[in-house]
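Just so you know, the UniProt record's numbering puts 259 at position 259 of the sequence shown, and the rest follows in order with no gaps. The beta carbon of each residue, even a glycine, is placed where N, CA and C say it ideally should be. As the structure is a computational prediction, the values presented were derived from the model and not from experiment.
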Amino acid sequence: MDEAMQQALKNVDRAEDELEHLTQAQNSQYAAMKSALDSFRSTCQDALFLDLKLAADHNVEPRIWQAHHTVNNRLRKSLKDVRKESRKVVERRKLEKVYLNFIKSSLRFYRTFLQRIWSHFTGIGELHSVAQKMHLDLLSVDAPVPVDAPQKQQLLQYCHSTLIHCGDLSRYREIALAQKTRNWGPAEGYYECAARLDPTSGLSFNQLSMMAVVDDDDFGALYYTYMCLATINPFPAADENLIRLLNKIWTKTKKPSATQTKPARAEFSFLYFHAMIHADADAAPADFRPKRDTLLGRGGLFDLVVSEPGAKSLKQMCLMNIAAFHHATKVLQSAEQIAGSHDRESRIYHMLLELNMSTLALFMSIVSLEHENVPQSTPQFLGGLASTSTIHKLLPCLRLYSAWLMSNIDILRERTGDGIANKLPLESLWTVFLNCKAALSEKLSTADIDNVRYLLEEDQGMLHFSPIAAVVQQAMLRKPGEVAKSVRRDEAIIDKQT
């Protein structure tokens, strides 16, 4: 370790000790904490850009966030205390202003940190879309520094963490403002950037789920929790979060709203069914299937398919079904490695298997029927397919389920022969599948799709969706020997709000 780096690390320790002393003292003023935090930020950046490896060995980057987290908790506690006393209106407003200034300065610091990484180092093309979306200045007084593979990976990890921190800070701001209508847009933008930078991490989905919980949005919370579990590296507590959320939904679904739109009714049925699978997993399959049929029929998924506003939530339901089965498969495999009964895990697995098979069969049957009833004057889609809005809506879902079918073909062959899916035999599923494929292939030419050089919108979401990622990447997105298709990005800009 050279002398400059040694001194830089000493400066980090010294600044950290000073800030820690101030945050623990009862009578510390924010001005003093802000000065100490600014000093700590500066010394940490100096160490990081002097030697990435040694800075990583001394956990410099995580310590920056820990410092921000500590100051944030201190200020939020003070704000909570002063709000309890309704008479202290002036003091409350002053403290709210102090807190918002802290959030703004922290966001400004992290955005500057990202900008410096982007402009200082070369060879990190993955940051280009993030830099564009955040309007980062690419000019730098520093001479560009090339990085090797380990350094690049370290910097990408820093950038991913920084985007998560920016999302958290934006989320804290909306919660602290205590307004009836929260503006989650900036936080969502940061989390989505982080997810694209590292699609193997489930952390972004976990944070998005937390925002949905704050808004009492059970459908959104369940969606993001399942998506988190479907990443290669799920958030460590995602499994516990899922169980907690499903138990909460199970309690709430016993009191349905009196007036609901078609999408709302379908979402309610969907939430009820998933909660029931886990809360009532000891029920016999004969009790399960009528409820499954209710979910798929009128008032459930069928109504959602034929209602115009339901396209987004329909695809989200498909993703959740597939992610739930994927998670149940892993849980069952783990249970089978341990001595003892695993009947409950097996029943959940079988219920979700049947749900996915039945959902796929429903969608394919609807497409086949719609195709037969399409008037000849209907405008053509993709240069040849005469279709309705229902078919338009179902095509992405069918592409998603086709990948699921290819990914689980061995499981389906093994499991459907022993009565598990005796209400929907595999042979029947193939018949429906072939009829649907024939109806679409009759009018749809795949030549134009094969010539598209970028991924379809639904394919982008499947690329790192672990339940089907292997099949998608190997068999669906390129022919043997061809270069993988690129991702076409059309992203909104994150407001600076600094």
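Should the stretch 115-122 be regarded as contacting the stretch 176-190, the criterion being three or more beta carbon pairs within less than 8 Å? no
Which parts of the stretch 279-346 are runs of the alpha helix (DSSP H), unbroken and 4 residues or longer, counting only runs that do not cross its ends? 285-296, 301-306, 311-336
Identify which residue in A15, A56, N27, N356 has its Cα closest to the Cα of S42. The residue you call residue 42 lines up with position 42 of the sequence shown. Among A15, A56, N27, N356, the Cα nearest to that of S42 belongs to A15.
What does the alpha-carbon distance come out to for the pair R344 and R244? Stepping through the sequence shown from its first residue, residue 344 is reached at position 344. Stepping through the sequence shown from its first residue, residue 244 is reached at position 244. Between R344 and R244, the C-alpha separation is close to 17 Å.
S201 and T231: beta carbons closer than 8 Å? Taking the sequence shown and counting its residues from 1, the one referred to as residue 201 is at position 201. Taking the sequence shown and counting its residues from 1, the one referred to as residue 231 is at position 231. Closer than 8 Å, so yes.
Cα-Cα separation, N408 to L242: Locating residue 408 in the sequence shown gives position 408, counting from the first residue. Locating residue 242 in the sequence shown gives position 242, counting from the first residue. One C-alpha to the other measures close to 23 Å.
Going by DSSP in three states, V12 sits in which element: helix, strand or coil? Position 12 of the sequence shown, counted from the start, is the residue given in the question as residue 12. In the structure shown, V12 sits in a helix (DSSP, three-state: H, G or I).
Which of helix, strand or coil DSSP assigns to T498: The count along the sequence shown starts at 1 and reaches residue 498 at position 498. Model confidence at T498 stands at a pLDDT of 46, short of 50, so the residue's coordinates are unreliable; what they give is reported in the following sentence. T498 falls in the coil class under three-state DSSP.
On a CA-only basis, which of F273, L271, E370, Y349 is nearest V306? Give me that one, please. Within the sequence shown, numbered from 1, the residue matching residue 306 stands at position 306. When only C-alpha atoms are compared, the closest one is E370.
How is the alpha helix (DSSP H) around V214 delimited, first residue to last? Indexing the sequence shown from 1 puts residue 214 at position 214. That run of the alpha helix (DSSP H) goes 203-214.
Can you tell me whether M145 is helix, strand or coil according to DSSP? Counted from its first residue, the sequence shown places residue 145 at position 145. Reading the sequence as shown, one finds Val at residue 145 and not Met. In this structure, V145 counts as strand in the three-state DSSP scheme.
Closer than 8 Å is the cut-off here; do at least three beta carbon pairs connect the stretch 72-92 with the stretch 42-52? no
Inter-residue spacing [alpha-carbon to alpha-carbon] between Y30 and V98: Position 30 of the sequence shown, counted from the first residue, corresponds to residue 30. Position 98 of the sequence shown, counted from the first residue, corresponds to residue 98. If I take the Cα positions, the gap works out to 8 Å.
8 Å Cβ cutoff met for A194 and I164: Taking the first residue of the sequence shown as 1, we reach residue 194 at position 194. Taking the first residue of the sequence shown as 1, we reach residue 164 at position 164. Cβ distance < 8 Å, so A194 and I164 count as in contact.
Cross-strand partners of D233 (DSSP beta bridge): Residue mapping note: residue 233 aligns to position 233 of the sequence shown, counting from 1. Looking at the sequence shown, residue 233 is not Asp but Asn. Bridge partners of N233: S201.
With 16 other Cβ atoms within 10 Å as the buried cut-off, status of G297: As a working note, residue 297 is residue 297 in the sequence shown. Exposed, because fewer than 16 other Cβ atoms sit within 10 Å of the Cβ of G297.
Simplified DSSP assignment, three categories, for T122: Reading the sequence shown from its first residue, position 122 is the one you call residue 122. T122: strand per DSSP, three-state reduction.
Going along the chain, which unbroken runs of the alpha helix (DSSP H) with 4 or more residues stay wholly within the stretch 46-86? 52-57, 60-84
Between which two residues does the alpha helix (DSSP H) carrying T253 extend? Mapped onto the sequence shown, residue 253 falls at position 253. Taken as a continuous stretch (DSSP letters only), T253 belongs to no alpha helix (DSSP H), as it is neither H nor E.
In chain order, what residues of the same chain lie with their CB nearer than 8 Å to the CB of H68, ignoring the 5 residues before and after it? Start at 1 with the first residue of the sequence shown, and residue 68 comes out as number 68. L37, S106, H165, L169.
Once the 5 residues before and after I348 are set aside, which same chain residues still bring their CB inside 7 Å of it? Along the sequence shown, read from residue 1 onward, the residue named residue 348 stands at position 348. Once the five neighbours on either side are set aside, the close Cβ partners of I348 are I277, H278, A281, A328.
Measuring CA to CA, which of L9, H128, K84, M320 is closest to A47? One-based indexing of the sequence shown puts residue 47 at position 47. For A47, the nearest C-alpha among the options comes from L9.
Alpha carbon to alpha carbon, how far is W184 from R171? Give it in angstroms, no decimals. Numbered from its first residue, the sequence shown carries residue 171 at position 171. Numbered from its first residue, the sequence shown carries residue 184 at position 184. Their backbone Cα atoms lie some 7 Å apart in a straight line.
Sub-8 Å separation of T162 and F113 beta-carbons: Here residue 162 corresponds to residue number 162 of the sequence shown, with the count starting at 1. Here residue 113 corresponds to residue number 113 of the sequence shown, with the count starting at 1. In this structure, F113 lies closer than 8 Å to T162 by Cβ.
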